[in-house]
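Chains as they are written, first to last, in our numbering: chain A, 35 to 136; chain B, 16 to 756; chain C, 10 to 192; chain D, 189 to 617.
What follows is one structure encoded as C-alpha cells, with my remarks underneath.
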Amino acid sequence: MVPLWMYLVVAAALFCLGVFTVLARRNAVAILMGVELMLNAVNINLVAFWRFVTPATMMGQAFVVFVFVVAAAEAAVGLALIIAIYRRRQSVVADDANLLKW
Amino acid sequence: MIDWTNANFLPWLIPVPPLIASALIFLLFNRSWFLTTLTALAATILSWGMSLAVLLRALGLAFGDPLGGSAFSSQIAWMDTGTTQFNIGVLVDPLTAVMLFMVPLAISMIMIYSVGYMANDPRRERFFGYMALFAGAMLTLVVADNLLLLFIGWEVMGFCSYSLIGFWFEKESAHKAGVKAFMTTRVADVIMLIGIVYLFAQAGTLNFRDIFFNHEFLAELASTPALIFGGAISAAGLIGVFLVIGTVGKSAQFPLHVWLPDAMEGPTPVSAMIHAAAMVSAGIYMIIRMYPLLAAGADPHHGIYNAPLMLMAYVGAFTALFAAIIAVAQNDIKRILAYSTISQLGFMMAALGIGAYVAAAFHLITHGIFKALLFMSSGAVIHAMEHGEHHAHAEHHGEHAAPIDVQDIRSMGGLRQRIPVTWWAFLAGGMALAGFPLITAGFWSKDEILAEAWHLGVGGEWFGPAVFVFILLAVAAFLTAFYTTRQLAMVFGGQPRTAAAEHAGFVDPEHPTPAAQAISGFMQGPLLVLAVFAVIAGFVGVHPDFPLLGAIFSPYGNPFHNFVTGTLAEEMPKVAFNWLPVLISFLVALGGIWAGWMVYWRRPLAAGQEDPTKVALDRVSPALYTAMQRKFYLDELYNAAFVRPAQWISDVLVAQIVDRGIIDGVLHFIARAATVIGETFKRFNRVVIDGVGDGIPSGIARFGGWFRQLQSGQVQQYLLMALLSALVIGMVVFVRLIGRG
Amino acid sequence: MELTAEIVVFAVFSIITLTGGVGVALTRNLFRSALMLLVSLFGVAGLFVLLAAPFLAAVQVLIYMGAIAILIIFAVMLTRGMVTARRVMNDQWSVAAVVALFLFAVLAVIFVQVGQGESAVLPLNPTGDPPADGTAALGQALLDPAQYVLPFEVAALLLAGVLSGAIYIARDDEPDEPSQTRG
Amino acid sequence: MLKEALIQAGMQPGWAAFIDIFLGVLVAASFGMVWVLFGIWVERKMAARVQDRIGPNRVGPWGLIQNIADALKLLTKEVIVPRNADRPVYFAAPILAVVGVILIAAVIPFSPVVIGTDLSIGILYVIAVGAFGVIAVLMAGWGSNNKYALLGAFRVVAHLVSYEVPMVLALLVPVMLAGTMSMQGLVREQHIWYIFAVPVTAFLFFISSQAEVGRAPFDLLEAESELVAGYNIEYSGMVWAMFYLGEFMHAFFVSILFAVLFLGGWSGPGAEQIPFLGIVYLMLKSMLVYFVQIWLRLTVPRVRIDQLLAFNWKFLVPLALANVLLMAFLFKIIPTPDFAGAQAIATNEFAGVAGGIYRLFGPNQIAELPRTGLLLLGNIALVGVTAALLGQAGRRARRQVEALVDETDYTPRAEGAEHTAEAPAAAAR
C-alpha cells in the first residue's frame with residue numbers, strides 16, 4: 035500500500051508549484067491556475083488523510099466537496115474580475131493592476 | 016468737646032484760625048477781594064485775642080491760677096513710629112507767652128497794613144492767602160511743644176517766605192530772590208534737621224520738657240562723644256552746632272545772610288513780616304527754647320564755654336558789626352532796614368552765645384515791634400513816592416524824566432511835611448532801633464545785652480568771648496545809631512530831591528488835604544499802634560536797681576526776667592546793676608545819632624550830591640565804599656563759589672557725562688546687547704528648533720515615501736510577503752514545538 | 010516497499026500531476042499552461058481513485074476538468090491578447106522560486122521524517138477500510154442533519170450568489186445588438 | 189476468470205487485476221471501433237432511403253465496404269497542418285476526442301458478465317468522461333489557429349456544457365430509482381423498464397444526449413451551412429477521420445446508454461442465463477434508439493445557436509429540475525416495492541393465480557408495477573402542465589405578433605407602430 039507520506043510529499047510538491055505559479059506568473063489567469071493547483075494539492079491531502087486516518091467518517095470527502103464548491107466559486111469570480119479588468123484596461127498582467135496603492 | 020476756658024486747650028486753637036483762613040482764601044475766596052480781607056483780618060484778630068487770653072492767663076491776671084513755674088501743655092498721639100509713639104502737643108510757658116504777646120500783635124498790624132498796601136494789586140487775594148498761611152505757621156512754631164512740630168512750622172514759613180518774596184514773579188529779580196532765599200534757608204534747615212534726627216536718635220523723643228528737664232540725660236548727652244567729630248565735640252555739642260547753623264540760616268547770620276537783603280523784592284508787608292515779626296525771630300526763639308541743650312556741659316556764667324555757645328557768640332557779634340558796616344553804605348530804604356535786622360539779630364545771637372538768653376528774648380520782642388514799625392513806615396514812604404512818580408510823570412508828560420527808583424533814598428528828601436504821620440512813626444521806630452536812651456524800648460533791650468556782656472566779660476575775669484562780644488556790639492550799636500539817623504535825614508530831612516519826592520504823599524496835588532493822603536487809613540493805624548508799643552515795651556525789662564526808673568517799673572526785680580526764667584529748669588543768676596555798661600550804651604547811642612545828624616541833617620544832600628560818607632571813605636580808599644555798598648562782594652563770591660559750580664555741575668557734569676554718557680550709554684549698550692542676543696537666538700532657533708522642527712516631519716515624509724513602496728499594488732508581492740511571514744512564523748513555532756516536544 | 014502495481018500506478022499519476030503542475034508554472038503559452046492544468050487535474054483524479062474515492066475522482070474530472078478548467082480556458086481565450094505575452098514571469102520570480110523550494114523542502118522533510126516514524130499522526134498504512142459504498146455514505150453525510158447539511162446549504166447559497174455576481178461583473182456594459190430571442 | 193488464472197501464475201494480485209481489467213476494456217473498445225464502420229453504413233443507407241435515394245452500394249455488397257474505403261482514403265490523405273498552429277495541441281485534439289468516447293465503452297454492461305469494469309460510479313464516470321470531448325473541441329479550435337475554428341469551438345463548448353446540465357439531471361432519476369450508479373446495478377434494478385416509469389426523464393435524456401453528441405437538430409458543430417466545418421476546419425486526412433469516428437461512436441454509445449438506462453440494458457427473458465443473449469438484447473435496443481436518432485437527424489431542421497441555448501436554459505433545464513423534484517417527491521412517497529414478498533409469492537407454489545401471474549411476469553416486475561404506475565401518472569401530470577404552459581406562452585407570443593402585423597397581408601400595421609424586427613415567435617419558446 036502506498037504510504038501516506040508519499041501522497042503528502044506529492045501534494046506538497048504540487049502545492050509549492052502552485053505557490054510558485056501564483057507568485058511568479060505575470061498573467062492573472064495563470065495566477066488563478068496556480069490557485070487551482072494549490073487547492074488540488076489540498077484536496078489530495080484531505081483525501082489521503084481521510085483514506086489513511088479516518089476512512090470511517092466521511093469528513094474528509096465532505097471537506098473535499100466543499101473545497102470543490104469554493105474552488106468553483108473562486109474561479110468564477112476571479113475570471114469575471116479578470117475579464118472586467120481586461121475589458122477596462124486591456125491588460126491582464128497582474129503588475130499593471132497596481133492602482134490600489136498609496 | 017473742647018473746654019474753651021480750659022487753658023490747656025486754648026493754645027491748640029491759636030494757630031488754627033490763620034491756617035483755616037489761608038485754606039479758605041486759596042480755595043474759595045480767591046476771587047472776591049472783600050471776602051479775602053474779611054477772613055484774613057478776622058483770623059488774625061481772633062488768634063491775637065486768643066493769644067492775649069493765654070498771655071493774661073499766663074501772667075495770672077485772668078482765668079485763675081497763674082502759670083508760675085508750670086506750663087500748659089497737652090499732647091495727642093500723632094505718629095506711631097514703630098516701637099515708639101510720637102506725640103505732638105502744645106506748650107505754653109513764660110517764653111511762649113512772651114512770644115505770644117509780640118508775634119500776634121505784629122502779624123495783625125501787618126495784616127491790617129497790607130490790606131491798605133495791597134489794595135490795588137491784581138493778585139492781592141493770593142497775597143493774603145500766603146500771609147495767613149505764614150501767620151499760622153509762625154504761631155504753630157511758637158506753641159509747639161516738640162522740635163518736630165517746630166520744624167514743620169519752620170519749613171512752612173520758609174515756603175511762605177519764598178512765595179511771598181517772589182510774589183511779583185514777573186519781575187526777574189523777584190523770583191530770583193525768592194529762589195535764593197529758599198535755597199539758603201534750605202541749606203541751613205537740612206543741617207538743622209540732621210541735628211533734630213540725631214537728637215531724636217539719642218533721646219527717643221523730641222519733647223522739650225522731656226529732654227530739657229531731665230538733667231541726667233543732658234549730662235549723659237554732653238558726655239557721649241559725638242558721632243562725627245568724635246573727639247572734639249560731645250553729642251550735645253554737635254546737636255547744638257547743627258541747630259545753631261539752622262538758626263544762622265533762618266535768622267540770616269553771617270555766612271547765610273545774603274538772602275535777607277534780596278528778600279526786599281517782595282512787597283513791604285512781607286519784608287515786615289519776615290524781618291520783624293516772624294521769620295528771623297523764630298530762629299532766636301528756637302535757640303532760647305533749646306538753650307539747656309546747647310548749654311549742656313557748659314556754664315557760660317562761670318566761663319565754661321562749649322562749641323555751640325562759642326559759635327553763637329562769635330558769629331553773632333561779627334554779624335552785628337559786619338551788617339552794620341554794610342547798612343551804612345546802602346541807598347535803598349528797605350535794604351538799610353534789612354541789614355539793620357541782620358545786625359540786630361547778630362546782637363541777639365551774641366547775647367545767647369554768652370548765656371544772656373533772657374536779654375536776648377527781651378531784645379527779640381522789642382526788636383520785633385520797632386522793626387515791624389520801621390518796615391511798614393518805609394512801605395508808606397515807598398507808596399507815597401509811587402504816587403509822586405505818577406503825578407510827576409503825568410505832569411511832565413512832555414519830557415520824559417528818567418524813571419527813578421522809588422525806593423532809592425537819594426531820590427527822596429523832605430518828606431516830613433508830605434507824609435507827617437509816617438514821619439512820626441518812622442522817627443519813633445528809628446530812635447528805638449538806634450537805642451535812644453531811656454524812652455525807647457530798643458535802648459532797654461540793647462542795654463540789657465551790653466550789661467550782660469560787660470558783666471560776663473569785662474566786668475569779671477577777662478573771659479575770651481564775652482569781651483570780644485562786648486566790644487563788637489558796642490561798635491555795632493554806634494553804627495546802627497549812625498545809619499538810622501542817616502536814613503531819617505536822607506528820607507525826611509532837607510528838600511525833596513526829585514519831582515516824585517515833590518509830589519509824594521498827595522493823592523491830588525492841587526489841594527493837599529490830609530484826607531487825600533496817599534497813605535490810606537489802614538496803613539497809618541498800625542503805624543501809630545506799633546509806635547506806641549515801640550516806646551512803652553521797654554519799660555517791662557528795666558533793671559530793678561536802675562536809679563530812678565527801676566523803682567517805678569520793676570519793684571520786685573526785673574519783671575520780664577522773673578517771668579521768662581520760669582521756662583528753664585535752673586534759675587539764671589541775676590546780674591548786679593553796674594553803671595559802666597549803661598554809661599557806654601548811653602554814649603554809643605547818642606554819639607551815633609549826633610554823628611548822623613551832623614553829616615546828613617544839618618547839610619541835607621542836594622539832588623545828585625554825592626553821599627558824604629562815601630566822600631569820606633573814598634579819601635581813605637576808593638574801593639572801600641563801593642565794597643561796602645556791594646556787600647563786600649559776598650553775593651558774587653557765593654555766586655562764584657556755589658551757584659555757578661552748581662549750575663556747572665547740573666548741566667555739564669550731570670547732563671552730559673552722567674546722564675548722556677552713562678545712562679544713555681548703559682541703555683544703548685543694553686539695547687545693542689539685547690539685539691545681539693536676539694540675533695543669536697534667532698540663528699540658534701533657525702538651526703536647532705527649525706532643524707528639529709522641520710527635521711522630524713521631513714524624516715517622516717522620507718520614511719513615508721520609502722514605506723509607500725512596500726504597498727506596491729502588486730497582488731503577487733503581497734502574497735509573497737504573506738507566505739514569507741507565514742513560513743517564518745511556522746518555523747519559529749515549529750522550532751519551539753521541537754524544543755518542547 | 011516492493012514494487013506493487015499500486016505504487017507504479019501511484020508513480021504514474023504523481024508524475025502526471027507534477028508534470029502538469031510544472032507545465033502550468035513554466036509554459037510560456039498561456040493556453041498550453043491551461044492544458045497542463047487539465048493534465049495535472051487528471052493526475053489528481055487518478056490519485057483520488059487510488060485513494061479509494063471514485064466518486065471524488067469522477068466529480069473532480071466532471072467539475073474541475075469539465076467546468077472550471079474550461080472556464081479558465083474561456084478566460085484565456087477572452088483575454089487573447091495576453092496569451093503569447095513575451096515576459097512570462099514577473100520580476101520577483103526568483104524570490105518566489107526560492108520560497109517555494111524552501112517551503113517544499115520543509116514540508117517534505119517533515120512528512121518524510123514523521124511519516125516513516127510510524128507516528129500516529131501519519132500512519133504508514135491505512136488504519137481502516139472505506140465503507141463499501143463510499144458514494145452513498147458521502148451522500149448520506151452531506152444531507153444528514155447531524156453532519157454536513159448546513160455547510161451543504163451554505164455552499165449552495167454561496168454558489169448561487171457567486172455565480173450571479175460573476176455574471177454581473179463580467180457582463181459587457183455596452184448592450185450588443187438586440188438578441189434574437191426577444192421576449 | 190482471467191484474473192484468477194493470472195494470480196495463480198504468481199503475479200501480484202494488483203498486477204493481475206490490472207491486466208484483467210485492461211483486457212476487458214480493450215475488448216469493449218475494439219468492439220466500439222468495429223461497430224462504427226457498420227454504424228456509418230447504416231446511417232448513410234437510412235439517410236439515402238429517407239431522401240429517397242439508394243445510398244452507398246458500390247463498394248462491397250450493399251456498400252458495406254464503403255466505409256472502409258472511406259477510411260482508407262482518409263488514411264492516405266495528406267494531413268495539412270496550418271502554419272504556426274499549436275502543433276501539439278493540434279494533434280492532441282482528435283486523439284482526445286476519440287479517447288473520450290472510447291472510455292465510455294469501459295463501463296457498458298453488454299451482458300451480466302461481459303462488462304469492461306463495473307465501476308460503482310458508472311454513470312457518473314460516463315458523464316465525467318464526456319468532459320474530454322469538450323476539451324478536445326477546445327483544443328481543436330485553438331490548435332488550428334483559425335478564427336472560425338476558435339469561434340466554432342466556443343460555440344460548441346457553450347453548447348456542450350449547457351446541455352450537460354439537463355443530461356445530468358435526467359440521469360439522476362434512474363439512479364434514484366435504481367439506487368445505484370453502477371451500470372450493472374441499473375440494469376438489474378430495472379425490472380420494469382424505466383421508460384415506462386419516467387418517460388419524461390427518458391425524453392429529456394434523449395434530447396440532451398443528442399445535443400451532447402452534436403447530432404440531429406443540434407448538429408451545429410460541423411454543419412456545412414454554418415461555420416464551414418466548425419472546429420475541425422483545419423483538419424484533414426486521418427485526423428479529421430478521427431473526429432468523424434469519435435462523433436459516430438459517441439452517438440452510438442449514447443444510444444447504448446439510453447438503452448441501458450431506460451430500456452433495461454441487456455435485461456430480457458433468459459438474459460441471465462445466456463450471456464450472449466444479453467448482448468443481443470442490448471444491441472437491439474440500442475439499434476432501436478440509434479434508428480430514432482438518425483430518423484430525428486434527417487427530418488428535423490437545424491436549430492440556431494441562440495435558439496439552441498435558449499431552448500436549453502429556458503425549457504430543458506427548468507423541466508429537468510421540476511422533473512427531478514417531482515420524481516424525488518413521488519419516490520419518497522411511494523413505498524419501495526418489496527421484491528422479497530413478490531419472490532416469495534412467485535416461488536410459493538400455493539400462490540395459485542397470483543403465483544402464476546408473478547411467475548409469468550416475473551415477481552420483481554409485478555412488485556414494481558405500482559411504483560411504476562404512480563410514477564407514470566406523475567409524469568403524465570408533468571407533461572400536461574408543461575403543455576399548458578407552452579400553449580399559454582405560444583398564445584401570448586401570437587397575440588403580440590398579431591398586434592404588430594395586419595391580419596390581412598401580414599404587413600406591419602399602418603399607424604407606424606414601432607417597427608421591431610419581430611420575427612415570428614420561436615418555435616421553441
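By construction, the Cβ of each residue, glycine as well, lies at the ideal position given by its N, Cα and C atoms.
Looking at the unbroken alpha helix (DSSP H) that takes in Q125 of chain C, where does it start and where does it end? W102 to Q125
Assigned exposure category for R180 of chain C - 16 Cβ within 10 Å defines buried: exposed
Helix, strand or coil: how does DSSP classify V127 of chain A here? strand
What does DSSP give as the partner residues of G104 of chain B in its beta bridges? B:Q90
Identify each residue in the region 719 to 736 of chain B for which the Cβ-Cβ distance to at least one residue of chain A is less than 7 Å, and report them in chain order. R723, Q726, S727, G728, Q729, V730, Q731, L734 and L735
Buried or exposed: N567 of chain D, going by 16 or more other Cβ atoms within 10 Å of its Cβ? buried
Does the region 338 to 353 of chain D come within contact of the region 71 to 81 of chain C, defined as at least 3 CB pairs closer than 8 Å? yes
Candidates A:A58, A:M67 and A:N79: which alpha carbon is nearest Y41 of chain A's? A:N79
N161 of chain B by DSSP, collapsed to three states: which one? strand
Look at the alpha carbon of S636 of chain B and the alpha carbon of A670 of chain B, and state the distance between them as a whole number of angstroms. 45 Å
What separation, rounded to the nearest whole angstrom, lies between the Cα atoms of L194 of chain D and L374 of chain D? 30 Å
Check N222 of chain B in the structure and name its three-state DSSP category. strand
So, does the CB of V53 of chain A fall closer than 8 Å to a CB anywhere in chain B? yes
Check the C-beta distance from L545 of chain B over to A297 of chain B and give it rounded, since I have them as a contact under 8 Å. That belief does not hold up - the Cβ atoms of L545 of chain B and A297 of chain B are roughly 19 Å apart, past 8 Å.
For L15 of chain B, which option in B:S176, B:Q217 and B:L56 has the closest C-alpha, if you only look at C-alpha atoms? This structure cannot speak to residue 15 of chain B, because chain B is shown only from 16 to 756.
Euclidean distance between Cα positions of V557 of chain B and T262 of chain B: 28 Å
Which class does M133 of chain B belong to by DSSP, given the choice of helix, strand or coil? coil
Nearest chain A C-beta to L60 of chain C closer than 8 Å, yes or no? yes
So within the region 335 to 363 of chain B, which uninterrupted alpha helix (DSSP H) runs reach at least 4 residues, ignoring any that extend past its ends? none
Cross-chain neighbours of L738 of chain B in chain A, by beta carbon under 7 Å: V53
Can you name, in chain order, every residue of its own chain whose Cβ lies under 7 Å from the Cβ of T88 of chain A, other than the five neighbours on each side? G94
Can you name, in chain order, every residue of its own chain whose Cβ lies under 6 Å from the Cβ of I424 of chain B, other than the five neighbours on each side? N346, I348, M505 and V506
Residues in its own chain within less than 6 Å of A61 of chain C by CB, not counting five upstream and five downstream? P139
Rounded straight-line distance, which links the Cα of G131 of chain B to that of L61 of chain B: 20 Å
Hey, would you say A407 of chain B sits closer than 8 Å to T437 of chain B, going by beta carbons? no
Is it true that the region 335 to 343 of chain B meets the region 640 to 648 of chain B, where meeting means three or more beta-carbon pairs spaced less than 8 Å apart? yes
Contact check, I117 of chain A vs A131 of chain A under 8 Å by CB: the rounded distance? Contact doesn't hold; Cβ gap of about 13 Å is too wide.
Given a cut-off of 8 Å on the beta-carbon distance, is the pair V267 of chain D and V427 of chain D in contact? yes
Label H290 of chain B either buried or exposed according to how many other C-beta atoms from any shown protein chain fall within 10 Å of its C-beta, with 16 as the threshold for buried. buried
Just list the residues that DSSP pairs I303 of chain D with in beta bridges. D:P297
What are the start and end residues of the alpha helix (DSSP H) that includes L51 of chain A? L38 to A58
Along the alpha helix (DSSP H) that carries S66 of chain B, what are the first and last residues, could you check? W48 to L74
For P270 of chain B, does the three-state DSSP call read helix, strand or coil? coil
Could you pull out every residue in the same chain whose Cβ sits closer than 7 Å to the Cβ of F86 of chain A, ignoring the five residues on either side in sequence? L38
If contacts are defined as beta-carbon pairs under 8 Å, then T283 of chain B and F390 of chain B qualify, I think. What distance do you get, rounded to the angstrom? 6 Å
Would you decide whether N700 of chain B is buried or exposed? Buried here means 16 or more other CB atoms lie within 10 Å of its CB. exposed
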